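Chains as they are written, first to last, in the working numbering: chain A, 2 to 202; chain B, 2 to 202. Each remark here refers to the structure printed beneath this line.
There are 2 protein chains.
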Amino acid sequence: MKAPIDFFFDFSSPYSYIANEWVDAVAARTSRRVRRHAILLGATFQAAELKPPVAHPIKREYVLRDFARSARFEGLPYQPPPVFPIPTQNAARLFWWLAETRGDEAAAAWALAGLRAVFTRGVPLHEPDALKALAAEQGLDPAAAEAVWSDVAWKARLKRANDEAVAAGVFGAPFFIVDGEPFWGNDRRPQIERWLASGPF
Amino acid sequence: MKAPIDFFFDFSSPYSYIANEWVDAVAARTSRRVRRHAILLGATFQAAELKPPVAHPIKREYVLRDFARSARFEGLPYQPPPVFPIPTQNAARLFWWLAETRGDEAAAAWALAGLRAVFTRGVPLHEPDALKALAAEQGLDPAAAEAVWSDVAWKARLKRANDEAVAAGVFGAPFFIVDGEPFWGNDRRPQIERWLASGPF
Numbered sequence: 002m003k004a005p006i007d008f009f010f011d012f013s014s015p016y017s018y019i020a021n022e023w024v025d026a027v028a029a030r031t032s033r034r035v036r037r038h039a040i041l042l043g044a045t046f047q048a049a050e051l052k053p054p055v056a057h058p059i060k061r062e063y064v065l066r067d068f069a070r071s072a073r074f075e076g077l078p079y080q081p082p083p084v085f086p087i088p089t090q091n092a093a094r095l096f097w098w099l100a101e102t103r104g105d106e107a108a109a110a111w112a113l114a115g116l117r118a119v120f121t122r123g124v125p126l127h128e129p130d131a132l133k134a135l136a137a138e139q140g141l142d143p144a145a146a147e148a149v150w151s152d153v154a155w156k157a158r159l160k161r162a163n164d165e166a167v168a169a170g171v172f173g174a175p176f177f178i179v180d181g182e183p184f185w186g187n188d189r190r191p192q193i194e195r196w197l198a199s200g201p202f
Numbered sequence: 002m003k004a005p006i007d008f009f010f011d012f013s014s015p016y017s018y019i020a021n022e023w024v025d026a027v028a029a030r031t032s033r034r035v036r037r038h039a040i041l042l043g044a045t046f047q048a049a050e051l052k053p054p055v056a057h058p059i060k061r062e063y064v065l066r067d068f069a070r071s072a073r074f075e076g077l078p079y080q081p082p083p084v085f086p087i088p089t090q091n092a093a094r095l096f097w098w099l100a101e102t103r104g105d106e107a108a109a110a111w112a113l114a115g116l117r118a119v120f121t122r123g124v125p126l127h128e129p130d131a132l133k134a135l136a137a138e139q140g141l142d143p144a145a146a147e148a149v150w151s152d153v154a155w156k157a158r159l160k161r162a163n164d165e166a167v168a169a170g171v172f173g174a175p176f177f178i179v180d181g182e183p184f185w186g187n188d189r190r191p192q193i194e195r196w197l198a199s200g201p202f
């Protein structure tokens, strides 16, 4: 059994949205499983003494343009979110709750729904009402969802995910670890594909 | 006549070394010319309030690994320079002197020689003796080379290149501008190739 692809993402990361759309197909072609990790980029930025790219003058203009162009390059719909970046801890806590109580597939479905909601429909996932509405769309009970993201146990689960990501060397998103090899960024797709197809290079 | 590809690089940028190896062939396939701009990343980092990637803990380990892996991905030799990053203003002044007195081809040959010296042979281009030796290898008079990089006129020429790069939105290297469209990073090669082959997307 080949090792899974560890895929770290933040619900507020446009490049994570893009990568989330291709990672399963790329993995399946080489009989790999994808193990998703919802994290908070803020935690990894802090550990690496980084700021979000949009916090830098000049770079900001570029990355906003590149987000949309990189989505078009992959043939994906993309709509710049009205508020960006947004805090995503509640969506991420729901992810871990699903992962641990219903399994990886349920968590992956939530990741897909959340990322698409943010980047194709401008859904403000940081607003409780919007998040509850998305939960309901996904067949989850909105009140139960709110109880989950307010629960210290799921807050702690997310914190552990952030800590583990930092310990694994993650400093941005999307971030992939394949057979112990780290790949940062949606644009490492060609290198990941080669690694999966023919091994270390 | 199609617009040239503007290619901004720093002699101390590993990803610039890699991009410099493919940019001419990619341009030639679509009848484009490459117009090189030697710049100092320090100037663009300052304007964008950025630090070099290796200045960040955690990220440093990753990028050092990715430099070498990205070179292997392109089938290029790569040897991590013993000192990194290095100040490259003297090499860049020689570039502009060659560009303006002998033309783009002579400057491109110097760019190739300098980048390969740093990243395949560990030549410390920031040391005057090493730079003079490289100049001699390239058929330039070492004393004349030193006179050039000490000359206020060529210092000013490089400063103008940095200022123009910042004004054009450049905040890192390699950086490409094609038909007014900015592309940052060696890893934007697939997007640049598509743009050149079939136009805006």
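Using N, Cα and C, we set each Cβ at its ideal position, and we do this for glycine too. None of the values given here were measured: they were computed from a predicted structure.
Option nearest residue i by Cα separation, candidates the options
i, options, result
"A/E182", "B/L41, B/A56, B/K52, B/Y63", "B/Y63"
"A/E165", "A/H38, A/R94, A/A148", "A/H38"
"B/R94", "B/E128, B/F74, B/K160, B/M2", "B/K160"
"B/M2", "B/A168, B/T31, B/D11, B/S17", "B/T31"
"A/V179", "A/I193, A/L77, A/I59, A/V153", "A/I193"
"B/P143", "B/N91, B/G123, B/G104", "B/N91"
"A/S17", "A/F176, A/A198, A/P83", "A/F176"
"B/A168", "B/F8, B/I6, B/A48, B/L135", "B/A48"
"A/F96", "A/A20, A/L132, A/A26, A/G170", "A/L132"
"B/T121", "B/A162, B/F12, B/A4", "B/F12"
"A/D25", "A/F184, A/A109, A/V124", "A/A109"
"A/L113", "A/D7, A/N21, A/F9", "A/N21"
"A/P129", "A/A162, A/L41, A/E147, A/F172", "A/E147"
"A/L126", "A/F9, A/S14, A/T45", "A/S14"
"B/K52", "B/A134, B/P86, B/A154", "B/P86"
"B/N149", "B/L42, B/L99, B/G173", "Looking at the sequence itself, residue 149 of chain B is Val, so the reference to Asn does not match. Of B/L42, B/L99, B/G173, the residue nearest in Cα terms is B/L99."
"B/R34", "B/A134, B/A4, B/A157, B/A118", "B/A4"
"A/K60", "B/A145, B/L197, B/P78, B/F184", "B/F184"
"B/G43", "B/F10, B/D67, B/R36, B/R73", "B/F10"
"B/W155", "B/I40, B/D7, B/R36", "B/I40"
"B/Q80", "B/T45, B/V119, B/G104", "B/V119"
"A/E138", "A/E50, A/W111, A/W23, A/A157", "A/W111"
"B/R195", "A/W23, A/F74, A/V171, A/R117", "A/F74"
"A/T45", "A/G170, A/P78, A/A107", "A/G170"
"B/R117", "B/G104, B/L77, B/D105", "B/L77"
"A/G104", "A/I19, A/R36, A/F8", "A/R36"
Partners in chain B for residue i, counting only beta-carbon separations shorter than 9 Å
i, result
"A/W23", "Under the 9 Å cutoff, chain B gives no residues; its nearest Cβ is about 13 Å from A/W23."
"A/R195", "F74"
"A/P183", "E62, Y63, R66, D67"
"A/F202", "R70, R73, F74"
Burial state of residue i (16 or more Cβ within 10 Å)
i, result
"B/P54", "buried"
"B/F202", "exposed"
"B/D152", "exposed"
"A/T102", "exposed"
"B/P58", "exposed"
"B/A28", "buried"
"B/V84", "exposed"
"A/A162", "buried"
"A/P191", "exposed"
"A/P82", "buried"
"A/S71", "buried"
"B/A174", "buried"
"B/A136", "buried"
"A/G115", "buried"
"B/L186", "The amino acid occupying residue 186 of chain B in the given sequence is Gly; Leu does not appear at that position. Looking at its Cβ environment, which holds 16 or more other Cβ atoms inside 10 Å, B/G186 is buried."
Partners in chain B for residue i, counting only beta-carbon separations shorter than 8 Å
i, result
"A/F230", "No answer is possible for residue 230 of chain A: it lies beyond the span of chain A, which begins at 2 and ends at 202."
Proximal residues of chain B, C-beta to C-beta of residue i below 7 Å
i, result
"A/P86", "The premise fails here: A/P86 is roughly 17 Å from chain B at the closest Cβ pair, so nothing lies under 7 Å."
"A/D11", "The contacting residues do not exist; A/D11 stays about 16 Å from chain B at best."
Neighbour list for residue i in chain A, Cβ cutoff strictly below 8 Å
i, result
"B/Q192", "R70, S71, F74"
"B/D130", "Result: empty, since nearest Cβ-Cβ is about 36 Å, beyond 8 Å."
Closer than 7 Å at the beta carbon, the chain A residues around residue i
i, result
"B/D180", "By Cβ distance, chain A contributes nothing, its closest Cβ being about 13 Å from B/D180, past 7 Å."
Residue i beta carbon near the ligand PLP (any heavy atom closer than 7 Å)
i, result
"B/S13", "Annotation note on the ligand PLP: not contained in the displayed structure, which lists no ligands."
Report task. Name, going along the chain, the residues of the region 61-78 of chain B whose beta-carbon falls closer than 8 Å to a beta-carbon of chain A. Result -> E62, Y63, R66, D67, R70, S71, R73, F74
Query raised in the report: What residues in the region 33-63 of chain A have a beta carbon less than 7 Å from any beta carbon of chain B?
Result: From the region 33-63 of chain A, only A48, A49, E50, L51, H57, P58, I59, K60, E62, Y63 have a Cβ closer than 7 Å to chain B.
Query raised in the report: Could you give the uninterrupted runs of the beta strand (DSSP E) lying entirely in the region 33-103 of chain A, keeping only those of 3 residues or more?
Result: 35-39
Query raised in the report: Residues in the region 162-173 of chain B with C-beta within 9 Å of chain A's C-beta atoms, listed in sequence order?
Result: Those would be V167, G170, V171, F172, G173, in chain order.
Report task. Could you name the residues of the region 93-121 of chain A whose beta carbon sits closer than 9 Å to any beta carbon of chain B, in the order they occur along the chain? Result -> none
Query raised in the report: Of all the alpha helix (DSSP H) runs that stay within the bounds of the region 143-168 of chain A, which reach a length of 4 or more residues?
Result: Unbroken alpha helix (DSSP H) stretches of 4 residues or longer found wholly inside the region 143-168 of chain A: 143-150, 153-168, given in chain order.
**Report entry** Those runs of the beta strand (DSSP E) which lie wholly inside the region 6-35 of chain B and span at least 3 residues
**Finding:** 6-10
Report task. May I ask you to list, following chain order, the residues of the region 149-163 of chain A that have a beta carbon less than 8 Å from some beta carbon of chain B? Result -> Cβ contacts with chain B come from no residue of the region 149-163 of chain A.
**Report entry** Whole runs of the alpha helix (DSSP H) within the region 176-200 of chain B, excluding any shorter than 4 residues
**Finding:** 190-199
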